[in-house]
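Below is one structure, written out as structure tokens, with a few remarks after it.
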Amino acid sequence: MPTVREIAREIVRREGGFVEDPDDRGGATKHGVTIHTMRRLGLDLDHDGDVDRQDVQQISAQMAEDIFLSEYFQKPNLVKLPIPLQASVFDMQVNAGAQAVRLLQKLVSTMGQPCSIDGVIGPQTIKAVRAAHSAARDHIVDAYGIERRNYYFALADRRVETQKYCRTRAGGKGGWIRRAEDFISPRFHMSASQFQKRIAQWV
1 MPTVREIARE IVRREGGFVE DPDDRGGATK HGVTIHTMRR LGLDLDHDGD VDRQDVQQIS
61 AQMAEDIFLS EYFQKPNLVK LPIPLQASVF DMQVNAGAQA VRLLQKLVST MGQPCSIDGV
121 IGPQTIKAVR AAHSAARDHI VDAYGIERRN YYFALADRRV ETQKYCRTRA GGKGGWIRRA
181 EDFISPRFHM SASQFQKRIA QWV
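Numbering follows my numbering, in which position 150 of the sequence shown is assigned residue number 150; successive positions increment by one, without gaps.
Shown next, in the form of structure tokens:
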């Protein structure tokens, strides 16, 4: 089982270097740390009185790891989740913020555990997730990964500009789908034909 630091390091590796995609609402980003996160944290790295793309460009991989651990693992209380779920929820928290916890809350609710879907890990969510994990220890991690994959597909259905994150230019699985399936057992990965059928209506 990888440590939380190793998971953060892998997220940084997956996120890559500096990007500024106009279709990405995160804005200027480096190692997965967005300009919005840096402004919220007041990270004026060049000490010129503001936080802009130049500051984003100065973020190091080590700084990104530290930010992820502090802001996306410790503060959201992910450490209170069952250990097998932590990696996938942590990765999704970095990718989609509180939506990661909402997906988990929705999942355990459908599994019969009372849980408010508010994106916050409090006593009720901890109790519900632990109960769901105990009842479906062999399945809940895959079920959460599938929820992630479905979320990405649904987002791309609604927003055409995000389809490029789900489908490569060659027509295969894009980064978002591969990212979700990194946390799903191979037997539940979509085949090429299943993937093509799912995206057939896209432009």
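Backbone N, C-alpha and C define an ideal beta-carbon position, used for all residues, glycine too.
Query	Result
Are the region 87-97 and the region 45-53 touching, with three or more C-beta to C-beta distances below 8 Å?	no
By the 10 Å Cβ neighbour count, where 16 or more other Cβ atoms means buried, how is residue 76 classified, buried or exposed?	buried
By the 10 Å Cβ neighbour count, where 16 or more other Cβ atoms means buried, how is residue 79 classified, buried or exposed?	exposed
Hey, would you say residue 177 sits closer than 7 Å to residue 166, going by beta carbons?	yes
With a 10 Å radius around its C-beta and 16 neighbouring C-beta atoms as the bar for buried, classify residue 83 as buried or exposed.	exposed
Based on the DSSP output, what are the partners of residue 19 in its beta bridges?	29
Start and end of the alpha helix (DSSP H) containing residue 157?	140-158
Quick one: residues in its chain with C-beta nearer than 7 Å to the C-beta of residue 180, no 5 flanking neighbours on either side, listed in chain order?	145, 148, 149 and 152
Just grab the DSSP bridge partners of residue 34 for me.	29
When you compare only the Cα positions, how much space is there between residue 134 and residue 28?	41 Å
Can you look up residue 179 in the DSSP assignment and give me helix, strand or coil?	helix
Give me the Cα-Cα distance between residue 126 and residue 55, rounded to the nearest whole angstrom.	37 Å
Given this structure, state the Cα-to-Cα distance separating residue 12 from residue 33, to the nearest angstrom.	9 Å
Kindly indicate which three-state DSSP category residue 169 falls into: helix, strand or coil?	coil
Where does residue 77 sit, in a helix, a strand or coil, going by DSSP?	coil
Would you mind listing the alpha helix (DSSP H) stretches within the region 82-146 that are 4+ residues and don't spill past its ends, in chain order?	83-96, 99-110 and 123-135
Going by C-alpha distance, which of 19, 61 and 18 is nearest residue 6?	61
Please return the same chain residues whose Cβ sits closer than 8 Å to the Cβ of residue 103, not counting the five positions on each side in sequence.	92, 144, 147, 148 and 151
Work out the CA separation of residue 201 and residue 19 for me, nearest whole Å.	29 Å
Can you look up residue 199 in the DSSP assignment and give me helix, strand or coil?	coil
Tell me the DSSP secondary structure of residue 45 in three-state form.	coil
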